[in-house]
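As structure tokens, the structure follows; a few thoughts come after it.
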Amino acid sequence: MTGYLDSDDKKYTRVYKEQTPDILKAFADFDNAVFAAEGREIPLKYRELIALGVALTTQCTYCIDGHSNNAVKAGATEAELAEAAWVAAAIRAGGSYAHGRLAFKLTEGAHQH
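Per UniProt numbering, numbering of the sequence shown is gapless, rising by one per residue and ending at 113.
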């Protein structure tokens with residue numbers, strides 16, 4: 001294996017097709033509804049930028065690849081991709097900051113001064 005994102009990784013979808021075709025179809029239908037080009041309140045470009053931000057936060061290389069390219073196809077600029085990345089970074093940093101308070105709460109009174 002040369003990396004997580006190999007050009008032939010999609011061939012493993014066959015396992016889903018063979019073993020759980022009903023679930024795969026339900027997932028594909030759901031995904032197609034979420035990213036439908038028309039009929040949603042949030043324009044596709046923004047949904048793809050949201051998906052890119054989530055992908056960057058979860059660090060899924062497959063999703064980063066797919067949604068960054070889909071965002072560009074939907075009209076996103078490099079500046080918009082950059083801002084989506086910064087939003088994801090801010091949310092991750094904010095989560096660490098906010099959950100850091102939990103460390104204080106859970107150790108409250110345990111410190112010797």
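Glycine residues also receive a C-beta, built at the ideal position from the N, C-alpha and C atoms. Quick caveat: nothing in here was measured; it's all calculated off a predicted structure.
### Task
With residue 80 as the anchor, note down where its alpha helix (DSSP H) starts and where it stops.
Counting from 1 along the sequence shown, the entry for residue 80 is found at position 80. Boundaries of the alpha helix (DSSP H) harbouring residue 80: 78 to 106, taken from the DSSP string.
### Task
Quick one: grab the DSSP three-state call for residue 63.
Sequence index remark: in the sequence shown, residue 63 carries index 63 (1-based). Three-state DSSP puts residue 63 in a helix.
### Message
Quick check: residue 60 and residue 51, are their CB atoms within less than 8 Å of each other?
### Response
Taking the sequence shown and counting its residues from 1, one reaches residue 60 at position 60. Taking the sequence shown and counting its residues from 1, one reaches residue 51 at position 51. At the C-beta level, residue 60 and residue 51 stay beyond 8 Å of one another.
### Task
Take residue 82 as the anchor and find which of 40, 103, 91, 49 has the nearest alpha-carbon.
The count along the sequence shown starts at 1 and reaches residue 82 at position 82. Ranking the options by Cα distance to residue 82, first place goes to 49.
### Query
What whole-angstrom Cβ distance do residue 76 and residue 45 have, given they're in contact under 8 Å?
For this step, residue 76 is matched to residue 76 along the sequence shown. For this step, residue 45 is matched to residue 45 along the sequence shown. Contact flag correct, Cβ pair sits at about 5 Å.
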